[in-house]
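Undergrad: Going by this note's numbering, the sequence shown opens with residue 200, and the numbers climb by one from there.
Ideal Cβ positions, reconstructed from N, Cα and C, are used throughout, including at glycine.
There's a structure below that I have some questions on.
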Amino acid sequence: MITPVGDRPNKRKRRADEDKIQSESWCWLWNEHPETRGLFFACINETTPRNMSKKDQEILGSMRKMRGIVAGVSDSIGLIPRGRFHGVCAEAKTPTGVQSEAQKLFQNRVEEQGYYYFIYRTVEEFKSKMEWYLNQ
Numbered sequence: 200m201i202t203p204v205g206d207r208p209n210k211r212k213r214r215a216d217e218d219k220i221q222s223e224s225w226c227w228l229w230n231e232h233p234e235t236r237g238l239f240f241a242c243i244n245e246t247t248p249r250n251m252s253k254k255d256q257e258i259l260g261s262m263r264k265m266r267g268i269v270a271g272v273s274d275s276i277g278l279i280p281r282g283r284f285h286g287v288c289a290e291a292k293t294p295t296g297v298q299s300e301a302q303k304l305f306q307n308r309v310e311e312q313g314y315y316y317f318i319y320r321t322v323e324e325f326k327s328k329m330e331w332y333l334n335q
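Take a look at the structure:
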């Protein structure tokens, strides 16, 4: 059984809160829906660490772009077709979090291509939306 990351001190509390929601949601899906294993995964698309020098941040940013990092990509993607949808994209947000313009553009583009995209702010909301999706 997979267990989520626990509370941990973090200077960037909102990011830590988002990470916790995402971790607990992913662990629930892994444990309750083993048929999704390997098909629903996180997209690590974060900014460069602030404790790096400016030059190292620029180098890391360039390397990520050369490897295909794209701004706005959802936190998780599921290659699990259901009903009229080709797959699912899920974006974790805190109760007060908002989408960036790049995230809104990504959402519009994947929805136009026939993917189900949703934002969730709690683990319960993730469970509800994923159960709905998986039952299509």
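For GLY277, report the span of its beta strand (DSSP E) as first-last.
TA: 275 to 277
Undergrad: Go ahead and pull the three-state DSSP assignment for VAL272.
TA: Note: VAL272 maps to coil in three-state DSSP.
Undergrad: In angstroms with no decimal places, state the Cα-to-Cα distance between ARG263 and GLN256.
TA: 10 Å
Undergrad: Curious, which full-length alpha helix (DSSP H) runs of at least 4 residues does the region 240 to 322 contain?
TA: 253 to 265 and 300 to 311
Undergrad: What do you get for ARG207, buried or exposed, if any count of 16 or more other CB atoms within 10 angstroms of its CB means buried?
TA: Because the pLDDT of ARG207 is 47, which lies under 50, any placement of that residue in the model is unreliable, and the number read from its coordinates should be weighed accordingly. Exposed.
Undergrad: Rounded to whole angstroms, what's the CA-CA distance from ASP216 to GLU323? Just pull it up for me.
TA: 15 Å
Undergrad: With DSSP run on the structure shown, which of helix, strand or coil describes ASN230?
TA: helix
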